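Student: Just so you know, the protein sequences line up as chains A and B, in that order.
Count the first sequence with the numbering used here and you get residues 350 to 816, in order.
Count the second sequence with the numbering used here and you get residues 3 to 861, in order.
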Amino acid sequence: MFLTISTTHRPATDLGFLLHKHPDRAQSVPVSAGTAHVFYPTATETECTAALLVEVDPVKLVRGRQEGGLAQYVNDRPYTAGSQLAVALRAAFTTAMTGRCAERPELAAMPIPLSVRVPSLPSSGGADLVERLFRPLGWQVDAEPIALDPHFHDWGESRYLDVELRGTLRLADALTQLYVLLPVLDGGKHYWVSEDEVDKLLRAGDAWLAGHPERKLITRRYLARSRPLVGAALSRLAESDNVEPDALDDALAEPVVTEAPDQPEPLAAQRKGSVLAALRASGARRVLDLGCGSGALLRVLLTEPSFTEIVGVDVSARALEVAARNLRLDKDDRLRSRVSLRQSALTYVDPALAGYDAAVLMEVIEHIDESRLDALEHAVFGAAKPGTIIVTTPNAEYNVRFESLPAGRFRHPDHRFEWDRARFGEWTRRIAEAHGYDVRLLPVGDVDPEVGPPTQLAVFTRKEGAA
Amino acid sequence: MTERTARGSAPSRSVLGIPDMALVVLIGASGSGKSTFARRHFAPTQVLSSDFFRGLVSDDENDQSASAAAFDALRYVAGKRLAAGKVTVIDATNVRRGDRASLVKLAKEHDVLPTAIVLDVPESVCVRRNETRPNRDFGAHVVRRHRGELRRSLKTLQREGFRRIHVLRGEQEVDDAEIVVEPLHNDRRELTGPFDVIGDVHGCRTELEELLVKLGYELARDDAGRAIGASHPEGRTAVFVGDLVDRGPDTPGVLRLVMGMVAAGTALCVCGNHEQKLARALSGHKVRVSHGLAESLVQLAEEDDEFTKRAATFCDELIAHYVLDGGKLVVSHAGLPERYHGRASGRVRSFALYGDTTGETDEYGLPVRYPWANDYRGRAMVLYGHTPVPEAQWVNNTLCLDTGCTFGGKLTALRYPERALVDVAAHRVYYEPVKPLQPQPDRDTRRDPATLALTDVTGKRVLQTASHGRIGVSAEQSATALEVMSRFALDPRWLAYLPPTMAPSATSGREGYLEHPDEAFAEFRTAGVARVVCQEKHMGSRAVLLVCRDASVAPARFGIEGPGAVYTRTGRGFFDDDRTASLLDRVRAATEKSGLWDELDTGWLLLDAELMPWNLKAGALIANQYAAVGAAGGAMLPAAVSALDDVVARGIDVGDLLARTRSRADALERYRDAYRRYCWQTEALSGVRLAPFQVLAAEGAAFHERPHSWHLDLLGRLREADPDLFAATATRDVDTTDPDQVAEAVGWWERLTESGGEGMVVKPAANLTRAKRGLVQPGVKVRGREYLRIIYGPDYTMPENLERLRSRGLGRKRALALREYALGLEALERLARGEPLWRVHECVFAVLALESDPVDPRL
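(1) What residues of chain A sit near T509 of chain B, judged by a beta carbon separation below 9 angstroms?
(2) For W776 of chain A, count the other beta carbons within 10 Å of its own beta carbon; 16 or more makes it buried, fewer makes it exposed. Which is it?
(3) Can you give me the start and stop residues for the beta strand (DSSP E) that R533 of chain B sits inside?
(4) Which bits of chain B does W504 of chain A rub up against, with CB to CB less than 7 angstroms?
(5) According to DSSP, simplified to helix, strand and coil, what is E346 of chain B?
(6) Does the beta carbon of L402 of chain A come closer than 7 angstroms to any beta carbon on chain B?
(7) From which residue to which residue does the alpha helix (DSSP H) around Y794 of chain B run?
(8) Just how far apart, CA to CA, sit A704 of chain B and A669 of chain B?
(9) Using a Cβ-Cβ cutoff of less than 6 angstroms, which residues in the same chain neighbour W541 of chain A once the five nearest sequence positions on both sides are dropped?
(10) Can the beta-carbon of E701 of chain B be found less than 7 angstroms from the beta-carbon of T604 of chain B?
(11) Report the residue from B:G57, B:R165 and B:N64 whose alpha carbon sits nearest the alpha carbon of V27 of chain B.
(12) Taking only three categories from DSSP, how would you classify E506 of chain A?
(13) Could you check the C-alpha separation between K462 of chain B and Q479 of chain B for me, to the nearest Å?
(14) With distances taken Cα to Cα, identify the nearest neighbour of I230 of chain B among B:A265, B:A179 and B:V203.
(15) Counting only C-beta atoms, is Y705 of chain A closer than 7 angstroms to chain B at any point?
(16) Cutting at 6 angstroms between CB atoms, please list the residues of its own chain near A283 of chain B, excluding the five before and the five after it.
(17) Which residue marks the beginning of the alpha helix (DSSP H) containing L530 of chain A, and which one marks its end?
(18) Can you tell which of B:G776, B:F847 and B:Y789 has the C-alpha that lies nearest to the C-alpha of G471 of chain B?
(19) How far does the beta strand (DSSP E) with T400 of chain B in it reach, from first residue to last?
(20) For the region 271–278 of chain B against the region 314–326 of chain B, do three or more pairs of beta-carbon atoms, one drawn from each stretch, fall closer than 8 angstroms, so that the two count as touching?
(21) Does the CB of N803 of chain B have a neighbour CB from chain A at under 7 angstroms?
(22) Please list the residues of the region 372–383 of chain A that have a C-beta atom closer than 8 angstroms to any C-beta atom in chain B, keeping them in chain order.
(23) In the region 686–704 of chain A, which residues sit with their C-beta less than 9 angstroms from some C-beta in chain B, listed in chain order?
(24) Rounded to whole angstroms, what is the Cα-Cα separation between E63 of chain B and S665 of chain A?
(25) Is it buried or exposed for W504 of chain A, if we count other Cβ within 10 angstroms and need 16 for buried?
(26) Let me check one thing: in DSSP terms, what residues is E455 of chain A bridge-paired to?
(27) Which residues of chain A have a Cβ atom closer than 9 angstroms to the Cβ of R674 of chain B, listed in chain order?
(28) Give a yes or no on whether the C-beta atoms belonging to E707 of chain B and L770 of chain B are separated by under 7 angstroms.
(29) Could you spell out where the alpha helix (DSSP H) holding K216 of chain B opens and where it closes?
(30) Tell me the residue span of the beta strand (DSSP E) that contains A880 of chain B.
(31) Taking a contact to mean a Cβ-Cβ separation below 7 angstroms, would you say L463 of chain A touches T356 of chain A in this structure?
(32) Tell me which residue opens and which closes the alpha helix (DSSP H) that R551 of chain B is part of.
(33) Any idea what DSSP makes of F809 of chain A, helix, strand or coil?
(34) What are the uninterrupted segments assigned as alpha helix (DSSP H) that are 4 or more residues long and contained completely in the region 586–626 of chain B, given in chain order?
(35) Output yes or no for whether 7 angstroms exceeds the beta carbon distance between D252 of chain B and G205 of chain B.
(36) Taking 7 angstroms as the threshold (C-beta atoms), are R785 of chain B and S589 of chain A in contact?
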């Protein structure tokens, strides 16, 4: 972790007074990540540069932390200007940051020409984000992207920038701005910065944050940092598979597009409404929500008193944990008597799912590889065999109406396929025929005359005598 | 039928037969001596006494208000015992019909025979006994009431459903009684074969004779030249799955032959539904003459009465199923789920004869049968017939042998234990089938894609492995694996194996090194292994390849369409379909060219390999992790060094900081070089390199006991056939007791790793190796100094870092490596034995589950 701060204010060596660090000495301060060193590569009448170098102890960084995941020994923290550099900045220049300077009080209070160079600044929003964050504060931003690897040009650019900021500001302001904004740029990767540090960071921006046009983004990024850790066990499996730690832990990932244009209400709400209507029409009392995820549909089903038993089923243990929390299952005995959650996989036959009146597969089938759908078909239609089965899935034809969705892309990163109406119709007919069900298809959402509804829904009803 | 014994006079010894697995209900007034009787004849754990259970639930054996709860608990425990097939004795008065009804019901639920033993002891005796016992002060009127109820009961026991009733009258008879547990008629576990199990004959005598001859039997004929028996010179026993009769041209001839064999002890025969109906017809019952019964009746009318009578008796007395060979083989006519094996009840017989019908009928008006075999998870092989299929096909260790001979199909036999099918074609269609036998396979016996059940994989599991005993998997581990297996992995039919993790060598104390070959050689030497092979460790991604010789192999062998599979350590497909197919094409061609298909007599091969380059699969990880760290450090460290240079040039003392930062910058460049070596451009398959290091399995065989030299030789031939695809793997044979060879190998490793190699794996040359304390590690990796920068970070070689990193615990990793290895071998062995998918899959799944164990991923 390294940055330099320079001034051309004369005498430039007064920077030493402002920073409370003598230009002719190298000084060290212990910080949580290792040791911060302050020294001056240049100290002349016309130009003075102070450097802050943090030597990170990479072994200490890892030992004693058992979160798992491989972002440990091989870690960018020793090199990049993220949240930990901000913390070190504060440790090294505590007084300077407050704007106090006994020797040069007037200098501390006045804007001076400054330039800050951060040779390796992580930015989750590229050079553009650096620009948006620093320019409103009076900085001129010069940000060069750093190639991932000069030996492999086609790998493209890394998320690190070689940044130079130039401006005429009070030094204390410059320091607090760096202190607040370096972690913001780093995005979700706030490793190992404690909760009270976050408070300090936000408070430091009191003076200028209120007027910053990106104030919302700045605070959101601080608050969003409490994203739960990747499930450790899943990340271990990802590790043994040479993929990123969260590659196998995306059960709760958000779709790319959520809203269809010109629809009276959100698509998700329309979907849940249509499923509820179909369930009511079936007269079902004991209902399975297969692939319940974090429980959005379960909450809707709970509002219908005629459903006496509701079982949410998902293969993701994490999704079920979130569902239990969302439903407040642990706090409500009455609720627990109606709703239960079960980890199961639709590619295996689960005898516990047999004997229900109805099952819902809302936006589920498209998350299963097409080659494995026969297993789902067997498990749900062949073995569980509820009286009614409701399936919803995207209508691929409608994708052209999503302006933000690039052509050929799916609506959700985990979708394995998206079917047009003909393909879904064909599938539903074949399944119904093979397993003794009648099937009817319904649109969900306003039907576009050309490409149909955003979502397709099928209601399967088991034929009499086909048990 | 109920057997009843009651002895008026007093024989000195009376033997009471108890059917095996029976629920024995003692019936007698208070004080009649039931507990004493039970104690004398049964083990304490066999006897469930109402007094004891009253005590369990209320702390007071005589607390009558606790009776309901006590009986609930008693019935629950009895149910568990009966489910396990244990003789269970109920020690309670049981004098009221209502009390007994629930016990009879319990016996029926578990398909065991309810048996009554009545202790009919004079009132005076009971009263006297009660008086001598503490807390039994309920007086003579209670005993009198019991006696009255008991007397009334004697008349109804048979109607209540007791299948065997013993009445002991008086103290003497009670004292003299002896209990013998008798095996059930279906229990022929003592017969160990070998057997030839023959499918539905349906009057096709000619084909039966031909099949018996083909199986090696010698036919015996009477003066008229009719076959009246057959025996095998090697003492094999034929077992008929029933439906000898009806439809075909010579039902009497078939009966004559089979009756002769059964009488001579060279054959067993279970009852088919057609025998059952024929027997009823012959004994004068009114039956619907259909499904080919008419033919039998006409043919039998030609025979003399004596034969017809014998035939009727034979059919009537046939047993519905047999349990053979120590319980490893079950034969019945229509199959049998495990819970019915060796049991006796109406519904067991009904299932054995007719199967389990769903109540639906298909488009031909035939009953739709519940596919019980799909759910079958039993250890016993089940052989049966009843539903004609074009080809006998294994489903979960069950096989239907009815290949429709009478419909023009063939007559099929399975040799047991060889598992070899032998058949003869029907000479013609003797009886028109209602539904065509060909070409569409029957729904019942289709290898179903989803016969795997959640209960095959989830929850806490214990797997028995041949090489490493019992291996446990926790419910949490299973839950994690379930998510990955069901969301990301390939169809389980392709996943015959997942590779185990591998332990590194013990940590080296040598300056500058974390791992060094010395420790690996020492480890094997200490384990008593003299010959090891060192194999260059390629740095790419682990890949398992299932290669099939042609398109027909996978459907026939694995029940799935496709050219094979290429998958990762967690069972994910390595490539998209097209690239997978073209890689498999290349491997298939090389296998063809090198002659391995024929040499190994197989249509498929399972290979364990490394696929390179690393970025092929790990591209995103490298970009976001490894290269990113390099980019960040590559930008920051030179800037810091240059700033420090300037400070030093100003004459300011920065201590070691400049030197340290320089060495960090140097280490970072070495780190970047390290990962770069494993990355290169690929386009379709060009640039892709495959380094197989083990031939895991082929048809009928797993190869973990073949020495590595055998594997390397075969794999070397693949490389010769396609040197562009297959990478060479450098190897060294080393005698761990020869210091020169060890030193030479160390030098080799040093050169290998200094020039950028990942390192090597040291394996026992003989492959699977056992030592006194169990399995020896199948391989130990020794990773190079430079390579380890990718694992432990660019700066790990700095002395203060290295010192701390040396304290790494390897025990867990080593234990895990052995468990996963053993599970992998178990999967391969089960695959080689042709065991059902669920048996293979549970091992493969367990490997994945264990992989989620919290072990330091860097080891």
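A virtual CB, placed ideally from N, CA and C, is assigned to each residue, including glycine.
Since the model is a prediction, treat every value here as computed from it, not as a measurement.
Tutor: This is what the structure gives:
(1) The contacting residues do not exist; T509 of chain B stays about 15 angstroms from chain A at best.
(2) When all chains shown are included, W776 of chain A counts as buried.
(3) First-last of the beta strand (DSSP E) with R533 of chain B: R533 to K539.
(4) What W504 of chain A touches in chain B: A625 and A629.
(5) According to the sequence as given, residue 346 of chain B is Ala; it is not Glu. A346 of chain B falls in the coil class under three-state DSSP.
(6) Closer than 7 angstroms to some Cβ of chain B, the Cβ of L402 of chain A qualifies, so yes.
(7) Start and end: L790 to Y794.
(8) Cα-Cα distance, rounded: 45 angstroms.
(9) Residue confidence for W541 of chain A is low, a pLDDT of 45 falling below 50, so the modelled location carries little weight and cannot support an answer.
(10) A Cβ-Cβ contact shorter than 7 angstroms links E701 of chain B with T604 of chain B.
(11) Sorting B:G57, B:R165 and B:N64 by C-alpha distance to the C-alpha of V27 of chain B places B:R165 at the top.
(12) The answer is strand: DSSP assigns E506 of chain A an E or B state.
(13) Computed Cα separation, rounded: 8 angstroms.
(14) Residue B:A265 is the option with its Cα nearest to I230 of chain B.
(15) For Y705 of chain A, no CB of chain B lies under 7 angstroms from its own CB, so it is not counted at the interface with that chain.
(16) Answer for A283 of chain B: V289, listed in chain order.
(17) Counting along the chain, the alpha helix (DSSP H) containing L530 of chain A begins and ends at L520 to D535.
(18) Minimum Cα distance to G471 of chain B is reached at B:G776.
(19) Counting along the chain, the beta strand (DSSP E) containing T400 of chain B begins and ends at T400 to C402.
(20) Taking 8 angstroms as the limit for Cβ pairs, the verdict is that the region 314–326 of chain B does touch the region 271–278 of chain B.
(21) The C-beta of N803 of chain B comes closer than 7 angstroms to at least one C-beta of chain A.
(22) So the list reads D373, R374 and A375, given in the order they occur along the chain.
(23) Hits within the stretch, in order: Q692, S693, A694, L695, T696, Y697, V698, D699, P700, A701 and L702.
(24) One alpha carbon belongs to E63 of chain B, the other to S665 of chain A, and they sit about 50 angstroms apart.
(25) Buried, because 16 or more other Cβ atoms sit within 10 Å of the Cβ of W504 of chain A.
(26) None; E455 of chain A has no bridge partner.
(27) What R674 of chain B touches in chain A: D498 and H500.
(28) Yes, they are a contact pair.
(29) Annotation: the continuous alpha helix (DSSP H) that includes K216 of chain B extends over R207 to K216.
(30) In the structure as shown, chain B starts at 3 and stops at 861, and residue 880 of chain B therefore has no counterpart that could be examined.
(31) With contacts defined by Cβ atoms closer than 7 angstroms, L463 of chain A and T356 of chain A form a contacting pair.
(32) Here R551 of chain B belongs to no alpha helix (DSSP H), and DSSP marks it neither H nor E.
(33) Secondary structure at F809 of chain A: strand, using DSSP grouped into helix, strand and coil.
(34) Complete alpha helix (DSSP H) runs here, min 4: 598–601 and 617–623.
(35) Result yes, Cβ atoms of D252 of chain B and G205 of chain B sit closer than 7 angstroms.
(36) In this structure, S589 of chain A lies away from R785 of chain B, with their beta-carbon atoms at least 7 angstroms apart.
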